[in-house]
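In terms of numbering that gives the first Met the number 0, the sequence shown has 148 at position 149, counting the first letter as 1, and numbering is strictly consecutive.
Beta carbons: idealized from backbone N, C-alpha and C, even for Gly.
One structure is given below, encoded as structure tokens.
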Amino acid sequence: MLKLRRAELGDVPALFEMINHYAAQGIMLRRTLTELYECVREFLVAEEDGKVVGCGALKFYAADLAEIRSLCVAPGLESRGLGRALTERLLGEGEQYGLKTVFALTVAPDFFQKCGFREMARERFPAKIWRDCLRCERYFHCNEKTMVIDLPTSPPDRNEPCAEESEITA
Numbered sequence: 000m001l002k003l004r005r006a007e008l009g010d011v012p013a014l015f016e017m018i019n020h021y022a023a024q025g026i027m028l029r030r031t032l033t034e035l036y037e038c039v040r041e042f043l044v045a046e047e048d049g050k051v052v053g054c055g056a057l058k059f060y061a062a063d064l065a066e067i068r069s070l071c072v073a074p075g076l077e078s079r080g081l082g083r084a085l086t087e088r089l090l091g092e093g094e095q096y097g098l099k100t101v102f103a104l105t106v107a108p109d110f111f112q113k114c115g116f117r118e119m120a121r122e123r124f125p126a127k128i129w130r131d132c133l134r135c136e137r138y139f140h141c142n143e144k145t146m147v148i149d150l151p152t153s154p155p156d157r158n159e160p161c162a163e164e165s166e167i168t169a
């Protein structure tokens, strides 16, 4: 059975291995264990049979802006809908917080386009550039596209409980 849930401290080594597997291929940015422990509360994980098989994080930049980052699935489990399920859940969280815009920097713009995102100039997100991009080893040779989606503007139903865990079919 596959489920989505909030990441826990015990998940950090699995997140580290999965993210850095793709970082070694130039697909994602490398993350240290320290960085992952510091931001573990931003992550959702996909879990199957007690094993973390996917992850993604929602990083807030302002009251109305956040980034989906470190989105990946375990090698060999691509094209099962895990990435889409994580993305949809993260966007749902963004709606619950009343965000207007969510963006992602990615080497897989087609995936995000299928999820409703559109391409936009990176310069529209100076906080991202100052916080992360300037420290990136690929800053001067960036191969990532900036994808953005506008969330519904109706205020979220604050009486609806947040689902901390749910099962999905993939």
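*Would you report the Cα separation of Ala23 and Val72, rounded to the nearest angstrom?*
On the sequence shown, residue 23 is found 24 positions in, with the first residue counted as 1. On the sequence shown, residue 72 is found 73 positions in, with the first residue counted as 1. The alpha-carbon separation between Ala23 and Val72 amounts to approximately 15 angstroms.
_Through-space distance from Arg88 to Leu70, alpha-carbon basis_ = One-based indexing of the sequence shown puts residue 70 at position 71. One-based indexing of the sequence shown puts residue 88 at position 89. Cα to Cα, the separation comes out at about 12 angstroms.
*Counting only the same chain and skipping the five closest in sequence on each side, list residues whose C-beta sits under 7 angstroms from that of Glu118.*
Here the question's residue 118 lines up with position 119 in the sequence shown. The answer, listed in chain order, is Pro108, Lys144, Thr145, Met146.
_For Asp149, the three-state DSSP class (helix, strand or coil)_ = Along the sequence shown, read from residue 1 onward, the residue named residue 149 stands at position 150. In the three-state DSSP reduction, Asp149 falls in the strand class (E or B).
_Simplified DSSP state of Leu98, which is helix, strand or coil_ = On the sequence shown, residue 98 is found 99 positions in, with the first residue counted as 1. Under the three-state reduction of DSSP output, Leu98 falls in the coil class, being neither helix nor strand.
*Reducing DSSP to helix, strand and coil, say where Glu77 ends up.*
For the purposes of this step, residue 77 is taken as residue 78 along the sequence shown, with counting starting at 1. Note: Glu77 maps to coil in three-state DSSP.
*Three-state class that DSSP yields for Glu46 in the structure shown*: What you label residue 46 is simply residue 47 of the sequence shown in a count that begins at 1. Three-state DSSP puts Glu46 in a strand.
*How do the stretch 87-104 and the stretch 51-59 stand: do at least 3 beta-carbon pairs fall below 8 angstroms, yes or no?*
The stretch 87-104 and the stretch 51-59 touch, with no fewer than 3 CB-CB distances between them shorter than 8 angstroms.
_Cutting at 7 angstroms between CB atoms, please list the residues of its own chain near Ala65, excluding the five before and the five after it._
Stepping through the sequence shown from its first residue, residue 65 is reached at position 66. Answer for Ala65: Leu57, Lys58, Phe59, Gly93, Leu98, Val101, listed in chain order.
*Can you check whether the CB of Lys50 is closer than 9 angstroms to the CB of Ala6?*
Counting from one through the sequence shown, the residue named residue 6 turns up at place 7. Counting from one through the sequence shown, the residue named residue 50 turns up at place 51. At least 9 angstroms separates the beta-carbon of Ala6 from that of Lys50.
*Compare the Cα-Cα distances from Gly82 to each of Asp63, Cys114, Ala61 and report the closest residue.*
The residue given as residue 82 occupies position 83 in the sequence shown. Selected option, being the one with the closest Cα: Cys114.
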